[in-house]
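Numbering (numbering that gives the first Met the number 0), first residue to last: 0 to 156. Have a look at the structure below, then the notes.
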Amino acid sequence: MKIIGEIISSFNSKDKVEKGIPLGNVTSQIFANIYLNELDYFVKKVLKIRFYVRYNDDFVIIDNNQRRLSDYLVKIRKFLKKNLLLDIPEDKASIRKFNWGVDFLGFTVLPNCVLLRNQTKTKIFERFNRSNAESYFGLLKHCNSYNLRTYHARTHR
């Protein structure tokens, strides 16, 4: 616990004390997985939600019943507040039809394809260079990106 305390406090500036640790830091991913393991158990074993996926503090639940999804959201909010002292901001949770697409981790997931979000595409075009090209091509393998990859090949010969 002492080492964990040192890791967390090492990210506070001398001027102000902030909550948490920087996003992207490896420890933030590890801590999210450890701390939110109780959420995973609650969702899978207590609520018995079949289609649930979580990456760090982002998660998606897929169900074809809007009333059931609303009920899940209420129960998950209560669980997080009571057991983990966490809140889901009102603007960060939404219930929507799957065929409208689910925004998750820089992608829009649709019933028959996975697309790169426009904002993610913009960031890639702004930051793309030879040193990070393989990383971006690795990202593009996880979505329907044929047109984007061929456009890049044509314009960067």
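We treat Cβ as the ideally placed atom computed from N, Cα and C, and that holds for glycine.
The continuous alpha helix (DSSP H) containing R66 extends over residues Q65 to F78. The C-beta distance from I87 to L68 rounds to 13 Å, too long to fall under 8 Å, and the pair is not in contact. Leaving aside the five residues that flank Y54 on each side, the residues in its chain whose CB is nearer than 7 Å to its CB run, in chain order, L104. DSSP links R53 through a beta bridge to F58. Take N32, set aside five residues on each side of it, and the residues of its chain with a beta-carbon closer than 8 Å to its own are N55, in chain order. The Cβ-Cβ distance between I60 and Y71 falls below 8 Å. When only Cα atoms are considered, V52 and F58 end up about 6 Å apart.
The segment 72–138 contains, as complete alpha helix (DSSP H) runs of 4+ residues, the segments 117–126 (chain order).
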